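Asker: Numbering (our numbering), first residue to last: 383 to 860.
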Amino acid sequence: MKLLFVASECAPFVKTGGLADVIGAVPKSLASMNVSVRVLIPAYPALATVVASGQTVMSFDDLFGGPARIVAAQAEGLDMLLLDAPHLYDRAGNIYLGPDGQDWHDNDLRFAALSYAGAQIGLDGLRGWKPDVINAHDWQAGLVPAYIRQDDRPSPPVVMTIHNIAFQGIFESTRLSALRLNSNLFTKDGVEYFGKISFLKAGLALSHKITTVSPSYAAELLTPEFGMGLDGLLRERHLDLHGILNGIDLDVWNPQTDTSLVATYSVSSLAGKKKNRAELEARFGLSKGDGPLFCVVSRLTSQKGLDMLLDCLPDLVDQGGKLALLGSGDLHLEQAFVDASNRYAGSVGTIIGYDEALSHLIQGGSDAILIPSRFEPCGLTQLYGLRYGTLPIVARTGGLADTVIDANDAALHSECATGIQFAPINAIMFSHAISRTCELYAKPKIWTKMMRRAMRHPVGWDQSAVAYLDVYNSAQER
Ligand code: ADP
Ligand code: GLC
383 MKLLFVASEC
393 APFVKTGGLA
403 DVIGAVPKSL
413 ASMNVSVRVL
423 IPAYPALATV
433 VASGQTVMSF
443 DDLFGGPARI
453 VAAQAEGLDM
463 LLLDAPHLYD
473 RAGNIYLGPD
483 GQDWHDNDLR
493 FAALSYAGAQ
503 IGLDGLRGWK
513 PDVINAHDWQ
523 AGLVPAYIRQ
533 DDRPSPPVVM
543 TIHNIAFQGI
553 FESTRLSALR
563 LNSNLFTKDG
573 VEYFGKISFL
583 KAGLALSHKI
593 TTVSPSYAAE
603 LLTPEFGMGL
613 DGLLRERHLD
623 LHGILNGIDL
633 DVWNPQTDTS
643 LVATYSVSSL
653 AGKKKNRAEL
663 EARFGLSKGD
673 GPLFCVVSRL
683 TSQKGLDMLL
693 DCLPDLVDQG
703 GKLALLGSGD
713 LHLEQAFVDA
723 SNRYAGSVGT
733 IIGYDEALSH
743 LIQGGSDAIL
753 IPSRFEPCGL
763 TQLYGLRYGT
773 LPIVARTGGL
783 ADTVIDANDA
793 ALHSECATGI
803 QFAPINAIMF
813 SHAISRTCEL
823 YAKPKIWTKM
833 MRRAMRHPVG
843 WDQSAVAYLD
853 VYNSAQER
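#1: Thinking C-alpha only, which one of Arg834, Arg531, Glu738 is nearest Gly399?
#2: Exposed or buried, which one is Ala792 when buried takes at least 16 other CB atoms within 10 Å?
#3: Below 8 Å on the Cβ atoms is my contact criterion, and I expect Lys704 with Leu675 to pass it. Report the Cβ-Cβ distance as a whole number of Å.
#4: Roughly how many whole angstroms lie between the Cα atoms of Met832 and Val699?
#5: Whether or not the stretch 797 to 813 and the stretch 644 to 656 are in contact is what I'm after, with contact meaning three or more pairs of Cβ atoms, one per stretch, closer than 8 Å; do they touch?
#6: Pop quiz: Gln882 and Ile751 are said to be a contact at Cβ under 8 Å. What is the actual Cβ separation, rounded to whole angstroms?
#7: CB-CB under 8 Å to Ile816, same chain, minus the five flanking residues each way: which ones, in chain order?
#8: Ligand 2: which residues have Cβ under 7 Å from any of its heavy atoms, chain order?
#9: Taking DSSP as the reference, what is the three-state secondary structure of Met462?
#10: How is the alpha helix (DSSP H) around Gly504 delimited, first residue to last?
#11: Where does the unbroken beta strand (DSSP E) through Gly671 begin, and where does it stop?
#12: Can you tell me whether Gly447 is helix, strand or coil according to DSSP?
#13: Would you verify that the beta carbon of Ser755 is, or is not, closer than 9 Å to some beta carbon of chain C?
#14: Quick one: is the Cβ of Glu738 within less than 8 Å of any heavy atom of ligand 4?
#15: Using the C-alpha atoms, what's the distance from Cys798 back to Met837?
#16: Is the distance from the Cβ of Val541 to the Cβ of Thr594 below 9 Å?
#17: Please identify the residue among Val404, Gly447, Ile733 whose C-alpha is closest to the C-alpha of Ala560.
#18: Say the cut is 8 Å; is the CB of Lys332 nearer than that to a heavy atom of ligand 1?
#19: Verify the contact flag: Val421, CB atom, against every heavy atom of ligand 1, threshold strictly below 8 Å.
#20: Return yes when the Cβ of Leu615 is within less than 9 Å of the Cβ of Leu586, no when it is not.
#21: What residue range is occupied by the uninterrupted beta strand (DSSP E) comprising Ser710?
#22: With distance defined between alpha-carbon atoms, name the residue in Ser580, Asp689, Met462, Asp749 nearest to Ala434.
#23: Taking 6 Å as the limit between beta carbons, can you name the residues of its chain near Val432, skipping five residues before and five after?
#24: Within 8 Å, do at least three Cβ pairs link the stretch 575 to 583 to the stretch 516 to 530?
#25: For Thr779, count neighbouring Cβ atoms within 10 angstroms of its own Cβ and tell me buried if that reaches 16, exposed if not.
#26: Just to check, is the beta-carbon of Leu708 closer than 8 Å to a non-hydrogen atom of ligand 1?
#27: In chain order, what residues of the same chain have a beta carbon less than 8 Å from the beta carbon of Asp520, not counting five sequence neighbours either side?
#28: Within 10 Å of its beta-carbon, does His487 have 16 or more other beta-carbons around it, so buried, or fewer, so exposed?
#29: Is His742 buried or exposed, if buried means 16 or more other CB atoms sit within 10 Å of its CB?
#30: Cβ of Val679 versus every heavy atom of ligand 1: is any distance shorter than 8 Å?
#31: Using a Cβ-Cβ cut-off of 7 Å (strictly less than) and excluding sequence neighbours within five positions of Glu661, which residues of its own chain qualify?
#32: What are the start and end residues of the beta strand (DSSP E) that includes Lys384?
#33: By the 10 Å Cβ neighbour count, where 16 or more other Cβ atoms means buried, how is Met690 classified, buried or exposed?
#34: Sorry if obvious, but does the Cβ on Tyr478 come closer than 8 Å to a heavy atom of ligand 1?
#35: Buried or exposed for Phe387, please, with buried defined as at least 16 other CB atoms from any protein chain shown within 10 angstroms of its CB.
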């Protein structure tokens with residue numbers, strides 16, 4: 383099977399969150415099942431050397447305001463298609479936000495162009511290579527099936543994957559012609575959403591199949607609480623909606639080989655973890671202690687629920703816990719954690735920023751990772767935590783609920799616990815979960831068993847890649 387992925391980011395080239403990790407990892411697992419995946423992403427400046435190593439395979443005289451081309455290149459074990467459109471993507475800084483912290487003013491054109499290019503590959507093929515299925519990821523690729531629908535030629539089916547329904551790509555209806563959308567698509571069954579244009583809604587309405595990144599989130603999306611206005615449409619299409627759990631790249635995230643650690647370790651030899659902890663304590667200005675070292679590696683936004691952690695800090699510190707936090711996002715949260723590290727100097731350490739290597743060291747050196755998300759489509763940091771024996775303390779929602787087994791008495795007795803879950807999701811229950819963690823940590827035998835169990839928990843892509851293949855096959859049958 384030949385598959386085209388269309389997405390706005392892909393690790394290790396360009397990453398703002400878990401979407402990139404997934405796009406960079408799935409093609410490798412699908413390859414072992416005889417599925418060849420080509421990944422179309424914009425040629426942001428970070429990809430300049432990859433672009434220079436490639437070959438032009440499609441050209442556009444005017445792609446939403448300037449000439450553009452698609453460059454094919456092999457890099458990092460991936461078969462990349464890079465949409466080189468300098469007028470849209472050749473900008474320093476964040477791929478979604480301008481220097482003022484606001485969305486780039488032309489994000490509608492930037493990601494319409496990406497979708498348009500994806501649709502053209504599906505319709506025309508690239509020098510004899512034509513995808514059997516297109517998998518469009520998140521709102522940035524949501525218009526792929528819209529542009530295909532506007533064309534009479536035979537085209538491959540489109541599978542739309544929701545990584546996070548909170549981001550929908552909504553723009554004014556006056557942009558319809560600038561986006562080269564036919565007015566007959568501006569309907570309830572097309573791109574229209576309460577009088578505006580919604581890229582994600584278009585993708586959900588016009589695709590053949592829909593997937594999202596965990597079974598629990600698939601169920602949550604059908605409710606008004608989590609569906610964020612699209613639950614009605616998803617209820618209508620629930621037979622086409624599949625929740626497939628994300629996995630992780632087991633080569634990139636491997637405590638036995640990870641070059642970002644000061645000491646590697648494994649299930650059978652855990653000693654290295656202590657050395658990583660010592661390094662982390664030094665990096666975050668933490669004093670040494672016997673209590674658990676908690677960590678956070680996260681975007682700092684309301685989704686992630688870290689405002690609740692601020693309320694829990696006095697108790698966490700009182701119980702001998704330490705915290706190392708790496709994150710960036712909302713300015714008031716950044717400032718609040720910087721303030722907390724001053725107030726609890728030696729017990730709370732904050733590094734504001736985005737640092738891939740440090741995120742690995744944090745997983746390698748911490749005892750537990752805190753993920754109190756208000757909603758979480760899948761979440762990857764709890765999977766990295768499992769793999770690194772850093773027990774996840776998670777809110778019971780979405781993919782967090784699907785991947786962590788709570789250490790209640792029954793689960794401890796039957797030896798299946800891998801972390802701690804809490805619900806309802808509020809600061810009181812979160813604080814209670816932190817206390818439970820401190821109590822368990824004080825019982826080294828039980829804790830070490832849980833670490834080993836967590837590290838053996840399957841978190842790779844094998845099973846989920848088979849599930850994706852099933853969806854691609856059934857999309858083709860439609
Ligand atoms: P989301 O995609 O909603 O942000 P995920 O848990 O799926 O959440 O993925 C987040 C990814 O981004 C993980 O790979 C995590 O390690 C990484 N990450 C988040 N914040 C940072 C940061 N400040 N520095 C380095 N990596 C980060
Ligand atoms: C989104 C979600 C996150 C998920 C990631 C990859 O960013 O917020 O839960 O793990 O996409 O699918």
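Note that beta-carbon positions come from the ideal geometry of N, C-alpha and C, so glycine has one too. From a predicted model like this one, the values you see are computed outputs, not experimental measurements.
Answerer: With the given structure in hand:
#1: For the purposes of this step, residue 399 is identified with residue 17 of the sequence shown, where counting begins at 1. The candidate whose alpha carbon is nearest that of Gly399 is Glu738.
#2: Residue mapping note: residue 792 aligns to position 410 of the sequence shown, counting from 1. Here Ala792 is exposed, its C-beta having fewer than 16 other C-beta atoms within 10 Å.
#3: On the sequence shown, position 322 is the one that residue 704 refers to. On the sequence shown, position 293 is the one that residue 675 refers to. Lys704 to Leu675, Cβ: 5 Å. Contact.
#4: In the sequence shown, the residue the question calls residue 832 occupies position 450. In the sequence shown, the residue the question calls residue 699 occupies position 317. Roughly 23 Å separates the two Cα atoms.
#5: At 8 Å Cβ cutoff, the stretches do not touch.
#6: Outside the displayed range of the chain (383 to 860) lies residue 882, so it cannot be described from this structure.
#7: Position 434 of the sequence shown, counted from the first residue, corresponds to residue 816. The residues are Phe676, Cys694, Asp697, Leu698, Gln701, Gly703, Leu752, Ile775.
#8: Qualifying residues, in the order they occur: Gly399, Gly400, Leu401, Asp403, Val404, His545, Asn546, Val595, Asn628, Gln685, Glu758, Pro759, Cys760, Gly761, Leu762, Gly780, Gly781.
#9: For this step, residue 462 is matched to residue 80 along the sequence shown. Of the three classes helix, strand and coil, the one that applies to Met462 here is strand, per DSSP.
#10: Here residue 504 refers to the residue found at position 122 of the sequence shown. In the DSSP assignment, Gly504 falls within the alpha helix (DSSP H) that extends over 489 to 506.
#11: The residue labelled residue 671 in the question sits at position 289 within the sequence shown. Looking at the DSSP string, Gly671 is not in any beta strand (DSSP E), and its letter there is neither H nor E.
#12: In the sequence shown, counting from the first residue as 1, residue 447 sits at position 65. Of the three classes helix, strand and coil, the one that applies to Gly447 here is coil, per DSSP.
#13: No chain C is present in this structure, which holds just one protein chain.
#14: Looking for ligand 4 in the displayed structure turns up nothing; the ligands present are ligand 1 and ligand 2.
#15: Counted from its first residue, the sequence shown places residue 837 at position 455. Counted from its first residue, the sequence shown places residue 798 at position 416. In a straight line, the C-alpha of Met837 is about 12 Å away from that of Cys798.
#16: In the sequence shown, the residue the question calls residue 541 occupies position 159. In the sequence shown, the residue the question calls residue 594 occupies position 212. No.
#17: Along the sequence shown, read from residue 1 onward, the residue named residue 560 stands at position 178. Closest option to Ala560, Cα to Cα, is Gly447.
#18: Here the chain covers residues 383 to 860 and nothing more, so residue 332 does not appear.
#19: For this step, residue 421 is matched to residue 39 along the sequence shown. Outside the cutoff, so no.
#20: Indexing the sequence shown from 1 puts residue 586 at position 204. Indexing the sequence shown from 1 puts residue 615 at position 233. Against a cut-off of 9 Å, the Cβ pair of Leu615 and Leu586 comes out as a contact.
#21: The residue given as residue 710 occupies position 328 in the sequence shown. Segment 704 to 711, the beta strand (DSSP E) holding Ser710.
#22: The residue given as residue 434 occupies position 52 in the sequence shown. Closest option to Ala434, Cα to Cα, is Met462.
#23: Indexing the sequence shown from 1 puts residue 432 at position 50. Hits under 6 Å: Ala455, Ala457.
#24: Using a C-beta cut-off of 8 Å, the stretch 516 to 530 makes contact with the stretch 575 to 583, since at least three inter-stretch Cβ pairs fall below that distance.
#25: In the sequence shown, residue 779 corresponds to position 397, counting from 1. Looking at its Cβ environment, which holds 16 or more other Cβ atoms inside 10 Å, Thr779 is buried.
#26: Taking the sequence shown and counting its residues from 1, the one referred to as residue 708 is at position 326. Answer for Leu708: yes, Cβ within range of ligand 1.
#27: Here residue 520 corresponds to residue number 138 of the sequence shown, with the count starting at 1. Leaving aside the five residues that flank Asp520 on each side, the residues in its chain whose CB is nearer than 8 Å to its CB run, in chain order, Ala389, Ser390, Leu401, Thr543, Ile544, His545, Asn546, Phe549, Leu582.
#28: Stepping through the sequence shown from its first residue, residue 487 is reached at position 105. With fewer than 16 Cβ atoms within 10 Å of its Cβ, His487 is classed as exposed.
#29: Translated into positions along the sequence shown, residue 742 becomes position 360. Of the residues assessed, His742 falls on the buried side of the cut-off, its CB having 16 or more other CB atoms within 10 angstroms.
#30: As a working note, residue 679 is residue 297 in the sequence shown. True, at least one ligand heavy atom lies under 8 Å from that Cβ.
#31: Position 279 of the sequence shown, counting from 1, holds the residue named residue 661. If we look at Glu661 and ignore the five residues flanking it on each side, its Cβ neighbours are Val644, Leu743, Gly747.
#32: Along the sequence shown, one-based indexing puts residue 384 at 2. Looking at the DSSP string, the run of the beta strand (DSSP E) that includes Lys384 is 384 to 388.
#33: Mapped onto the sequence shown, residue 690 falls at position 308. That one is buried.
#34: Along the sequence shown, read from residue 1 onward, the residue named residue 478 stands at position 96. Because no heavy atom of ligand 1 lies under 8 Å away, the Cβ of Tyr478 does not count as near it: no.
#35: The residue labelled residue 387 in the question sits at position 5 within the sequence shown. Around the CB of Phe387, 16 or more other CB atoms lie within 10 Å, so the residue is classed as buried.
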